[in-house]
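K.L.:
For the sequence shown, our numbering begins at 448 and goes up steadily by one. Think of the CB as a built atom: it goes at the ideal place given N, C-alpha and C, for glycine as much as any other residue. Pasting in a structure now, in structure tokens, and then I'll have a few things to ask.
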Amino acid sequence: MDPDNYPSEDICIVYLGQYNNQNILLIWGYGWQGTYAGSLIMSNPNIWSYCGYNHLLLIRWHDFNSDGYVQMTEISVETYV
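Pasting the structure below:
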């Protein structure tokens with residue numbers, strides 16, 4: 448991500464894991480838009496089947512319509528491992 452494009456573009460890292468038999472979900476955005484985009488993606492059940500057995504996801508949000516709102520159609524999963 449180019450910081451000059453912020454806030455019309457943002458990224459997010461999502462971590463899924465376990466610690467002491469407890470499920471852990473951490474969502475880190477560069478800014479609030481990235482964090483919100485990560486939360487929207489992780490609330491979508493279709494993403495769980497798409498990336499189900501992976502622990503790290505890199506998510507990108509780009510405000511294509513320049514309205515300043517984070518929308519599902521503007522969010523993509525860049526990579527996952």
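Alpha carbon to alpha carbon, what distance is there between residue 503 and residue 510?
P.N.:
Whole-angstrom Cα-Cα distance: 23 Å.
K.L.:
Exposed or buried, residue 457, counting other C-beta atoms within 10 Å across all chains shown (16 or more means buried)?
P.N.:
Result: buried.
K.L.:
Which residue comes first and which comes last in the alpha helix (DSSP H) that contains residue 523?
P.N.:
Taken as a continuous stretch (DSSP letters only), residue 523 belongs to no alpha helix (DSSP H), being part of the beta strand (DSSP E) at 522-527.
K.L.:
Would you list, in sequence order, the uninterrupted beta strand (DSSP E) runs of no fewer than 3 residues that lie entirely inside the region 488-517?
P.N.:
DSSP runs (the beta strand (DSSP E)) wholly in the region 488-517: 503-509.
K.L.:
To the nearest angstrom, how far is the alpha carbon of residue 498 from that of residue 460?
P.N.:
Residue 498 and residue 460: Cα-Cα distance of roughly 14 Å.
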